[in-house]
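*Asks:* So the sequence shown is numbered by full-length UniProt numbering: it starts at 1 and just counts up by one.
Glycine is no exception: its CB is placed at the ideal position from the N, C-alpha and C atoms.
Please read these numbers as outputs of a predicted model, since none were measured by experiment.
Take this structure, written in structure tokens, and hold onto it; I'll ask about it next.
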Amino acid sequence: MPFGFHKKDYADSPNPPPPNNGGGFFDNNNPNRPQNPSIQTPEFRMFRSDTTTQEEIFPPSHPHGYNNNNNNTVTSPTSPADSQAPQKKKRLSFLRRSSSSGGPPQVSGSSEHVPTDLISPTAEGSKGEQEDKWEWRASQLGLGGAGNTPTRERSRSRSFSDQGTDKDIQEAIRLHEAGDLENSTKLFRQLADPQGANNPLSQVLYGLALRHGWGTAPNSAEAIKYLQAAAANSASIEQEALRAGMKKGGAAKGELVLAIFELGNCFRHGWGTEKDPVAAFNYYQTAANLGDTDAMNETAWCYLNGYGLKKKDKWLAAKYYRLAEENGNRIMGNSWIYKDKYVNPPK
């Protein structure tokens, strides 16, 4: 399931943003935010998307119901500098390609967080076939980073089908929106327990709470373990779905994309781990090609600066910035991406 974190607010900080027990998942990253306890905690907004569509979803048992599809998963609060118009439910259409030549990007070296057999999807095949390949790549990254996850027996029997877990997630979200971050985080911790519900979405949300100090003491090292657990649990489910020939992924596709994107943030900023440019780029690019608009902007930033790559590529940077903008995540001052030399493929 999708939320959002605008990463650039703390791009140069070696540590996560300071804890804020009076705010919430969507206003924590703004260091200039007025400290006014009367401000209402922003509500959760979750989106799911595939290559061509985007829709808002609601927790199970929510009065509006539950729609099963995904996008910009748990991302960031919006600062004044980054504030954008709210995303609307709409049809989307954009072309995804691995590079201008249809081949894999030239990364700068290897990473222990990136499997050596990681597939490199190209522009060949239908959009559906390309998306399946990107999802398989995401599952490889998710399972490849499972070594440091909280200890548990490998099982997913209660990850998605437990109605009691669904109701508890809804209650944790309600507590969060009511400003009770401490009890909300406690409930997410219970739901994230590898020996208990082992719920991937709760593992992501609890990992983010640990990383940013939402209703609990900040603990970046523990946070990344829960994000990796969410990625591994989701990846195992999605690989089974892909092997079974399921279209548009399985029940955990949204959680997988969300976890991959947030792990990319960890590797880029050094949150709970050493900075790893190669891993950050690979995780961002994978999430971007599965519809995450924040990841599209981060992938563009990597290409623009040569981060995790052997060289810069302004044409590909422009392409990913345009994709993000077409999907409602615009960065001001990027008019250069529409210059003819960055729109037409290089010769």
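Out of curiosity, what's the CA-to-CA distance linking serine 220 and glutamate 112?
*Replies:* Roughly 19 Å between the two C-alpha positions.
*Asks:* Quick one: any contact between the segment 263–282 and the segment 110–130, if contact means 3 or more CB pairs under 8 Å?
*Replies:* A contact exists between the segment 263–282 and the segment 110–130.
*Asks:* Within its chain, find whatever has a CB closer than 8 Å to the CB of glutamine 140; leave out the 5 residues flanking it on each side and keep chain order.
*Replies:* Hits under 8 Å: Pro115, Asp117, Leu118, Ile119, Ala235.
*Asks:* Measure from the alpha carbon of alanine 232 to the alpha carbon of each residue in Glu222, Arg211, Val204, then state which is nearest.
*Replies:* For alanine 232, the nearest C-alpha among the options comes from Val204.
*Asks:* Does the segment 170–190 come within contact of the segment 249–268, defined as at least 3 CB pairs closer than 8 Å?
*Replies:* In short, these stretches do not touch, since the Cβ pair count stays below three.
*Asks:* Is DSSP giving leucine 309 helix, strand or coil here?
*Replies:* Looking at leucine 309 - three-state DSSP - the assignment turns out to be strand.
*Asks:* Pick out whichever of Lys341, Trp315, Pro346, Asp292 has its Cα sitting closest to the Cα of tryptophan 134.
*Replies:* For the residues Lys341, Trp315, Pro346, Asp292, the minimum Cα distance to tryptophan 134 belongs to Asp292.
*Asks:* If you draw a straight line from the C-alpha of leucine 201 to the C-alpha of alanine 230, how long is it?
*Replies:* Each residue's alpha carbon lies about 7 Å from the other.
*Asks:* What residues in its chain sit with their C-beta under 6 Å from that of leucine 95, if we drop five residues either side in the sequence?
*Replies:* Residue placement at leucine 95 is flagged as unreliable, the pLDDT there being 24, under the threshold of 50; a coordinate-derived value is accordingly withheld.
*Asks:* What residue does the alpha helix (DSSP H) around asparagine 219 start on, and which one ends it?
*Replies:* Note, asparagine 219: premise wrong, no alpha helix (DSSP H); not H, not E.
*Asks:* Applying the 10 Å Cβ sphere with the 16-neighbour rule, what's the burial state of glutamine 163?
*Replies:* Label assigned to glutamine 163: exposed.
*Asks:* Name the residue from Ser335, Ala324, Met332, Ala318 whose alpha carbon lies nearest to the alpha carbon of asparagine 344.
*Replies:* Residue Ala318 is the option with its Cα nearest to asparagine 344.
*Asks:* Can you name the start and end residues of the alpha helix (DSSP H) that glutamine 130 belongs to?
*Replies:* Taken as a continuous stretch (DSSP letters only), the alpha helix (DSSP H) holding glutamine 130 covers 127–144.
*Asks:* List the whole-angstrom C-beta distance separating tyrosine 342 from lysine 311, where the pair is believed to meet the contact cut-off of C-beta under 8 Å.
*Replies:* Rounded, the Cβ-Cβ distance is 16 Å, inconsistent with contact.
*Asks:* How is methionine 332 classed by DSSP in three states: helix, strand or coil?
*Replies:* If DSSP states are grouped into helix, strand and coil, methionine 332 belongs with coil.
*Asks:* What is the DSSP secondary structure of tryptophan 214, reduced to helix, strand or coil?
*Replies:* It is coil, neither helix nor strand.
*Asks:* For glutamate 255, which option in Glu222, Glu177, Pro121, Asn199 has the closest C-alpha, if you only look at C-alpha atoms?
*Replies:* Ranking Glu222, Glu177, Pro121, Asn199 by Cα distance to glutamate 255 puts Asn199 first.
*Asks:* By the three-class DSSP mapping on this structure, what secondary structure does tryptophan 301 have?
*Replies:* DSSP places tryptophan 301 in helix when its eight states are reduced to three.
*Asks:* Could you tell me the distance, in whole angstroms, from the CA atom of glycine 306 to the CA atom of asparagine 297?
*Replies:* Roughly 14 Å separates the two Cα atoms.
*Asks:* Where glycine 308 and asparagine 334 are concerned, what is the direct C-alpha to C-alpha distance, given to the nearest angstrom?
*Replies:* The alpha-carbon atoms of glycine 308 and asparagine 334 are separated by roughly 22 Å.
*Asks:* Please list the terminal residues of the continuous alpha helix (DSSP H) segment that includes tyrosine 287.
*Replies:* A small correction: the amino acid at residue 287 is alanine; tyrosine does not occupy that position in the sequence shown. Looking at the DSSP string, the run of the alpha helix (DSSP H) that includes alanine 287 is 277–288.
*Asks:* By the 10 Å Cβ neighbour count, where 16 or more other Cβ atoms means buried, how is tyrosine 320 classified, buried or exposed?
*Replies:* Looking at its Cβ environment, which holds 16 or more other Cβ atoms inside 10 Å, tyrosine 320 is buried.
*Asks:* Do the segment 180–187 and the segment 237–247 meet, that is, are 3 or more Cβ pairs less than 8 Å apart?
*Replies:* No: the two stretches stay apart, fewer than three of their Cβ pairs being nearer than 8 Å.
*Asks:* Since leucine 175 is in the alpha helix (DSSP H), which residue starts that stretch and which ends it?
*Replies:* Where leucine 175 is concerned, the enclosing alpha helix (DSSP H) stretches over 163–177.
*Asks:* Got a sec? Which residues, its chain only, sit under 7 Å from alanine 288 by beta carbon, not counting five neighbours each side?
*Replies:* Ala295, Met296, Thr299, Tyr320.
*Asks:* With 16 as the cutoff for other CB atoms within 10 Å, does aspartate 340 come out buried or exposed?
*Replies:* So aspartate 340 counts as exposed.
*Asks:* How should lysine 253 be labelled, buried or exposed, when 16 other C-beta atoms within 10 angstroms of its C-beta is the threshold for buried?
*Replies:* By the 10 Å Cβ count, lysine 253 comes out buried.
*Asks:* Taking the alpha-carbon positions, what's the glycine 128 to glycine 250 distance?
*Replies:* So the two alpha carbons sit approximately 14 Å from each other.
*Asks:* Going by alpha carbons, who is nearest to threonine 165 out of Ala178, His176, Glu182, Leu191?
*Replies:* Answer by Cα proximity: Leu191.
*Asks:* Under the rule that 16 or more other beta-carbon atoms within 10 Å means buried, what is proline 194, buried or exposed?
*Replies:* That one is buried.
*Asks:* Using 10 angstroms around the beta-carbon of asparagine 329, count the other beta-carbons present and answer buried if the total reaches 16, otherwise exposed.
*Replies:* Looking at its Cβ environment, which holds 16 or more other Cβ atoms inside 10 Å, asparagine 329 is buried.
*Asks:* State the CB to CB distance for the pair leucine 210 and alanine 223, rounded to an integer number of angstroms; the pair is presumed to be in contact (CB under 8 Å).
*Replies:* Indeed they touch by this definition, with Cβ atoms about 4 Å apart.
*Asks:* Taking 7 Å as the threshold (C-beta atoms), are leucine 290 and valine 257 in contact?
*Replies:* Closer than 7 Å, so yes.
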